[in-house]
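Working notes for the structure below.
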Amino acid sequence: MPIKPAVLFVCLGNICRSPLAEAAFRQTAQSAGLEVSIDSAGTGDWHAGHAPDPRAMATAQRHGVDIAHYRARQVRRADFADYTHIFALDHANLGELERIAPPDARAELALLLDLVGGREGQGVADPYYGDAAGFEQTWADVTAAASALVNKLSKPA
Ligand code: 4NP
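For the sequence shown, position 120 (counting from the first letter as 1) is numbered 119 according to numbering that gives the first Met the number 0, and the numbering increases by one without interruption.
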């Protein structure tokens, strides 16, 4: 029997981009009736235990997802065994994940926008030091990736 997919989204702080990727994918997977475990994490630990950035919460809310209860956590070695897919939001995070991945990692590691035709190899820009428009761009990016990922995981193996 095929294993149920489990997807982890990873950015730097786990308060801006990866919570939005988690929210967009939860929304899209639920509409599609896709059974999948979903979480997000950060390569850094500065924000561990914190709620998402208020601008990320407002952006998700505008698009119909409440993420106020999300709490940041740092990625851990067990994630490489617990998840089938780990998506890095940008190249720096992908590099860090490759550095810490145990040799027997089960998870497939990739850049999130590799899922999106025409965006392969691109990172999702960090909106943390920018304005609200940056968070809308993040939402557009993670939504495109969420649709592509639901399609990918819905195909029979
Ligand atoms: P994120 O954004 O990686 O998308 O959650 C950031 C959040 C916090 C910091 C940097 C990026 N920071 O430097 O604290």
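Glycine included, C-beta positions come from ideal geometry on N, C-alpha and C.
Values in this document were obtained by computation on a predicted structure and should not be read as measured data.
- Looking at the DSSP output, alanine 104 shares a beta bridge with no other residue.
- Under the three-state reduction of DSSP output, leucine 110 falls in the strand class.
- Contact fails between the segment 93 to 112 and the segment 61 to 72, because fewer than three Cβ pairs, one in each stretch, are under 8 Å apart.
- If you check the C-beta of tryptophan 45 against the ligand 4NP, you find a heavy atom less than 6 Å away.
- Relative to the ligand 4NP, even the nearest heavy atom lies 6 Å or more away from the CB of glycine 94.
- Counting the other CB atoms within 10 Å of its CB gives alanine 132 a total below 16, which places it among the exposed residues.
- Annotated three-state conformation of leucine 7 is strand, per DSSP.
- Note that the C-beta distance between isoleucine 66 and alanine 22 is below 7 Å.
- Isoleucine 2 counts as exposed, since fewer than 16 other beta carbons sit within 10 angstroms of its beta carbon.
- Per DSSP, the unbroken beta strand (DSSP E) holding isoleucine 85 starts and ends at 84 to 87.
- The alpha carbon of proline 53 has as its nearest neighbour, out of Asp38, Asp89, Tyr82, Phe134, the alpha carbon of Phe134.
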